[in-house]
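Some notes on the structure that comes next.
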Amino acid sequence: MNTRKYLLPAAVAGVLALSLSACGGGGGGSTASSGGDAAANLDGRGPITYVQGKDNSNVVRPLVDKWNAAHPDQKVTFKEQSDAADQQHDDLVQHFQGKDANYDVVDVDVIWTAEFAAKGWLQPLKDKTAFDTSAMLPATVKTATYGGTLYAAPQTSDGGLLYYRKDLVPTPPKTWDEMMSMCSIAKQNNMGCYAGQFQKYEGLTVNASEAINSWGGKIVDDSGKAAVNSAEAKAGLGKLVEAFKNGNIPQEAITYKEEDSRTAFQDGKLLFLRNWPYVYNIAGKTDGSSKVADKFGIAPLPGKSGPGASSLGGHNLAMSVYSKNKATALDFMKFMTSEETEKFYATQGSLAPVLGSLYTDPSLTSKLAYLPVLKTSIENAVPRPVTPFYPAVTKAVEDNAYAALKGEKTVDQAVADMQSAIEAAK
Amino acid sequence: MSTKLPERTTAGAPAQTHHMPGRESADRKQVTQGRWASVLLVPTLVLLAVVIIYPVVNAIIMSFQKDAGLNPATGFFEQGGPAGFENYMHWLFQQCNGQSCPPGTLGSQFWNAMGTTFFFTVVTVALETVLGFWMAIIMTRSFRGRSAVRAAVLVPWAIPTAVTAKLWFFIFAFDGIANKLFGTQILWTGSEWPAKWAVVISDVWKTTPFMALLILAGLQLIPDEVYEAAKVDGASAWQRFTQITLPLVKPALMVAILFRTLDALRMFDLPYIMTQGANNTTTLSILVVDQIREGFNSAAALSTITFIVIFLVAFIFVRFLGANAVGAATSSGRK
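Chains as they are written, first to last, in the numbering used here: chain B, 1 to 426; chain Z, 1 to 335.
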């Protein structure tokens, strides 16, 4: 019985392999492409649900309570997702695929907006559901626009800042080359000169795009096609590679994420740091945790011949096409992006507003001193690639930029590979 | 072998039924019993079908579907339709749209990921087996504080893998303990081999206790008399180890190695948290998770490939190396 000899082992092996690998199976379901009906339920009013990631600084609940007190017949239920961005993304995908009518208004990261719009899950904000963005910073509106149509309302924003040691550098550099020329000061003080986030993760895409955009390059063009293989992009990425090579960016920065680079700056190991506004308060703490508490200043990111092009963070508010109460949803979105609410985001959650006027509002600048500088940063910002293939595009940028920074590839090769890797996404 | 072991009495003895009053009633009883048995098995089978067979079959069906593609005219995604073996070709032959996948795509990383996965599996399981055996031998001796040692050894295994990964991530940071301790300036997570060894070290630290515990269970089944008899016959310590301990602990050892191998083949959390898969530490599971965000159907094909690989490894273990986790209990009669 030769077959029997193999039958039992095969069965055992099968059960073992199954029980161990079954959990790795696919995400389930096929991707619906047609989406819901964007013309349905436009006048619908009634209770809705608002979905957002973990409300760590208690911003959303007071706002929802305020709305509910004023609209007892159109109550909003707040559904809180997890803290991790990836999980929030996957949760939204699952509910949209299930055509869930209970995910009326959702909070989407700027980098997911195009993907969700292209999948047909977001209500286009035009005609009856038109949304006025004229007071908002143009770069933030760009992140919410796909194929010329607005699909979401900018809610909060974020941009990169240059932190510098004002005790060593009296006036901050305006251009990259000026900053590099100041690196001798760092050497004299036995510290690293500049660092951003260069570990192979989303932060590297942010830093590499900033370099590429600052020199006039593009990762994708306005129609979403790969457009990175240009002399400008090579020049921009080349500046980072050069700084790594000559030691102006310390070697260990290849392992830095936001927090590692912040600690290095706080411990006095860096002259210049590119990071987000959140560092401002932490590095300014006078309880001894920061060695540079009163020794640092902030400036816009340095670029080719003026301020650099920061990448944009932040979130947008979008309405599901499957929502039954779109009129209520639209009103709620307006409420959540009103001037008063935007102020509340800033004071309560340290979230940067999308309304340009608020950046010079004295009631806010007294609390968040970095706002005027951040405004320059966001005004010069270029959104990260607006493309429905964002995961593939960011992977293409990360992998090849990382190889270039480590000297495994020439800049020309890295940029050419980025181009073909982005083109491979279909 | 000089020290012939007594056959286990239960092994090989066919289940001797009680003497029944009449053949006929015994037969009927067997039939009803058989029926009852199948009725009682139904809930289990249904459960298995729902939680294992359905997802796996569904994943296999999905793997033959194209991922939704963007229609450039409308800017919207459209259903892909049947794909044949395209998704599999994409991974196995690294084909992206009819040409070889450029660097920076997931498709270009398949064989690297396969190699990395097997590298991690072979190296970690080998190290864990040797160290685990050593720890088990220490723990099986009787000495004061033995239970304290056993409990202490278990601590790394009790810590969730994600926490372990974060812990070692900090240890291997540039300013971390590892560099401070040895006075080195290694970028542990910043270049290929240090990154790989960092993952191996954390994995060995975490799972050696599991190995040790399984081997310890095997060691304790060996009766002391056997060792005493060997001593009387004048066997040296090395002879006792190779002639008694090793062969007798082999069944337990093989099961332990099998479990660890299958576990290591799906390694995900350690490299994902420590290096994000950078510097050639991307395992197959990391690749699957990354692909899920780019397209389910292609990810289903990749996880099916992973499943087949694990299946083959498990088959080889069970069939040719005699590691039989399930069979050991059921088919003890087979010689």
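Even for Gly, the Cβ is constructed at its ideal location relative to N, Cα and C.
Note that the structure is predicted; figures quoted are calculated from it, not measured.
Is the CB-CB distance between L216 of chain Z and A136 of chain Z below 8 Å?
Position 216 of the second sequence holds residue 216 of chain Z. Position 136 of the second sequence holds residue 136 of chain Z. Contact: yes.
Please list, in chain order, all residues of the same chain as N102 of chain B whose beta carbon is under 7 Å from its beta carbon, the five residues on each side excluded.
Numbered from its first residue, the first sequence carries residue 102 of chain B at position 102. Result list for N102 of chain B: T49, in chain order.
To be precise: take each residue of the region 257-279 of chain Z, compare its Cβ to all Cβ atoms of chain B, and keep it if any distance is under 9 Å. Which residues remain?
Here the close residues are L258, F259, L262, D263, L265, R266, F268, T275, Q276, G277, A278 and N279.
When you compare the CB positions of Q291 of chain Z and L302 of chain Z, do they come within less than 8 Å of one another, or not?
Looking up residue 291 of chain Z in the second sequence gives position 291. Looking up residue 302 of chain Z in the second sequence gives position 302. Cβ distance < 8 Å, so Q291 of chain Z and L302 of chain Z count as in contact.
So, using beta-carbon positions, are Q155 of chain B and V354 of chain B closer together than 8 Å?
Residue 155 of chain B sits at position 155 when you count from the first residue of the first sequence. Residue 354 of chain B sits at position 354 when you count from the first residue of the first sequence. In contact: Q155 of chain B and V354 of chain B (Cβ atoms closer than 8 Å).
How should Y54 of chain Z be labelled, buried or exposed, when 16 other C-beta atoms within 10 angstroms of its C-beta is the threshold for buried?
Translated into the one-based positions of the second sequence, residue 54 of chain Z becomes position 54. So Y54 of chain Z ends up on the exposed side.
Please confirm if P391 of chain B has its CB atom under 8 Å from at least one CB of chain Z.
Counting from one through the first sequence, the residue named residue 391 of chain B turns up at place 391. So, interface residue.
Taking just the CA atoms, how far does S298 of chain Z sit from V57 of chain Z?
In the second sequence, counting from the first residue as 1, residue 57 of chain Z sits at position 57. In the second sequence, counting from the first residue as 1, residue 298 of chain Z sits at position 298. C-alpha separation (whole angstroms): 15 Å.
Three Cβ pairs or more, each shorter than 8 Å: is that satisfied between the region 119-126 of chain B and the region 60-78 of chain Z?
Because the criterion of three Cβ pairs below 8 Å is met, the region 119-126 of chain B and the region 60-78 of chain Z touch.
Report back the beta-carbon spacing between D100 of chain B and Y322 of chain B to the nearest angstrom; my notes put them in contact at under 8 Å.
Taking the first sequence and counting its residues from 1, the one referred to as residue 100 of chain B is at position 100. Taking the first sequence and counting its residues from 1, the one referred to as residue 322 of chain B is at position 322. With a Cβ gap of about 6 Å, D100 of chain B and Y322 of chain B count as contacting.
Taking only beta carbons into account, state which residues of the region 88-111 of chain Z come closer than 9 Å to chain B, listed in chain order.
Flagged, chain order: C96, N97, Q99, C101, P102, P103, G104, T105, L106, G107, S108 and Q109.
Residues in the same chain with beta-carbon distance under 7 Å from A425 of chain B, minus the five sequence neighbours each way, listed in chain order, please.
Taking the first sequence and counting its residues from 1, one reaches residue 425 of chain B at position 425. For A425 of chain B, where only same-chain residues beyond five positions count, the Cβ hits under 7 Å are F389, A392 and V393.
Would you mind working out which of B:K324, B:Y359 and B:P307 sits nearest L137 of chain B, comparing C-alpha positions?
Position 137 of the first sequence, counted from the first residue, corresponds to residue 137 of chain B. Closest option to L137 of chain B, Cα to Cα, is B:Y359.
Enumerate in chain order the residues of its own chain whose CB-to-CB distance from A421 of chain B is below 8 Å, with the five nearest sequence positions on each side excluded.
Here residue 421 of chain B corresponds to residue number 421 of the first sequence, with the count starting at 1. Within the same chain, A421 of chain B has close Cβ partners A392, K395, A396, D399 and N400.
In chain order, what residues of the same chain lie with their CB nearer than 7 Å to the CB of G29 of chain B, ignoring the 5 residues before and after it?
Against the first sequence, residue 29 of chain B aligns to sequence position 29. Here G29 of chain B scores only 38 on pLDDT, less than 50, and its place in the model should not be relied on; the value that follows carries that caveat. Hits under 7 Å: Q97.
Going by DSSP in three states, V206 of chain B sits in which element: helix, strand or coil?
As a position in the first sequence, residue 206 of chain B is number 206, starting the count at 1. V206 of chain B: helix per DSSP, three-state reduction.
Given this structure, state the Cα-to-Cα distance separating Y345 of chain B from T113 of chain B, to the nearest angstrom.
Looking up residue 345 of chain B in the first sequence gives position 345. Looking up residue 113 of chain B in the first sequence gives position 113. Taking the straight line from one Cα to the other gives about 21 Å.
Put A283 of chain B into one of helix, strand or coil per three-state DSSP.
Residue mapping note: residue 283 of chain B aligns to position 283 of the first sequence, counting from 1. Three-state DSSP puts A283 of chain B in a helix.
Got a sec: is the Cβ-Cβ distance from G147 of chain B to anything in chain Z below 8 Å?
In the first sequence, residue 147 of chain B corresponds to position 147, counting from 1. By this cut-off, G147 of chain B is an interface position.
Taking 8 Å as the CB-CB limit, is M418 of chain B close to chain Z?
Residue numbering aside, residue 418 of chain B sits at position 418 when the first sequence is read from its first letter. Closer than 8 Å: yes.
Per DSSP, what are the beta-bridge partners of H315 of chain B in this structure?
For the purposes of this step, residue 315 of chain B is taken as the residue at position 315 of the first sequence. Paired residues: B:D109 and B:T156.
What did DSSP end up calling Y163 of chain B once you bin it into helix, strand or coil?
To locate residue 163 of chain B, count along the first sequence from 1; it is residue 163. Y163 of chain B falls in the strand class under three-state DSSP.
Can you give the Cα-Cα distance for E423 of chain B and N97 of chain Z, rounded to whole angstroms?
As a position in the first sequence, residue 423 of chain B is number 423, starting the count at 1. As a position in the second sequence, residue 97 of chain Z is number 97, starting the count at 1. Their backbone Cα atoms lie some 10 Å apart in a straight line.
Could you tell me whether the Cβ of P388 of chain B comes closer than 8 Å to any Cβ of chain Z?
Within the first sequence, residue 388 of chain B is the residue found at index 388, counting from 1. P388 of chain B counts as touching chain Z.
Going along chain Z in order, which residues have a C-beta closer than 7 Å to the C-beta of A421 of chain B?
For the purposes of this step, residue 421 of chain B is taken as the residue at position 421 of the first sequence. In chain order: P102, P103, G104 and T105.
Under the rule that 16 or more other beta-carbon atoms within 10 Å means buried, what is L127 of chain B, buried or exposed?
The residue given as residue 127 of chain B occupies position 127 in the first sequence. Correcting the residue identity first, residue 127 of chain B is Asp in this sequence and not Leu. Looking at its Cβ environment, which holds fewer than 16 other Cβ atoms inside 10 Å, D127 of chain B is exposed.
DSSP on A39 of chain B, reduced to helix/strand/coil?
In the first sequence, counting from the first residue as 1, residue 39 of chain B sits at position 39. Three-state result, A39 of chain B: coil.
Are the Cβ atoms of P82 of chain Z and Q65 of chain Z separated by less than 8 Å?
What you label residue 82 of chain Z is simply residue 82 of the second sequence in a count that begins at 1. What you label residue 65 of chain Z is simply residue 65 of the second sequence in a count that begins at 1. Yes; because the gap between Cβ atoms is below 8 Å, this pair is in contact.
Work out the CA separation of E178 of chain B and V123 of chain Z for me, nearest whole Å.
As a position in the second sequence, residue 123 of chain Z is number 123, starting the count at 1. As a position in the first sequence, residue 178 of chain B is number 178, starting the count at 1. Rounded to the nearest angstrom, the two C-alpha atoms are 49 Å apart.
Candidates Z:V155, Z:T117 and Z:R293: which alpha carbon is nearest L106 of chain Z's?
Residue 106 of chain Z sits at position 106 when you count from the first residue of the second sequence. Considering only alpha carbons, the answer is Z:R293.
Under the assumption that M139 of chain Z contacts V153 of chain Z (Cβ atoms under 8 Å), give the Cβ distance between them as a whole number of angstroms.
Residue mapping note: residue 139 of chain Z aligns to position 139 of the second sequence, counting from 1. Residue mapping note: residue 153 of chain Z aligns to position 153 of the second sequence, counting from 1. The pair is a contact, with the Cβ atoms about 7 Å apart (cut-off 8 Å).
Report buried or exposed for L321 of chain Z, applying the criterion of at least 16 other Cβ atoms within 10 angstroms of its Cβ.
Position 321 of the second sequence, counted from the start, is the residue given in the question as residue 321 of chain Z. When all chains shown are included, L321 of chain Z counts as exposed.
Is the separation between the beta-carbon of F174 of chain Z and that of E252 of chain B shorter than 8 Å?
Residue mapping note: residue 174 of chain Z aligns to position 174 of the second sequence, counting from 1. Residue mapping note: residue 252 of chain B aligns to position 252 of the first sequence, counting from 1. Against a cut-off of 8 Å, the Cβ pair of E252 of chain B and F174 of chain Z comes out as a contact.
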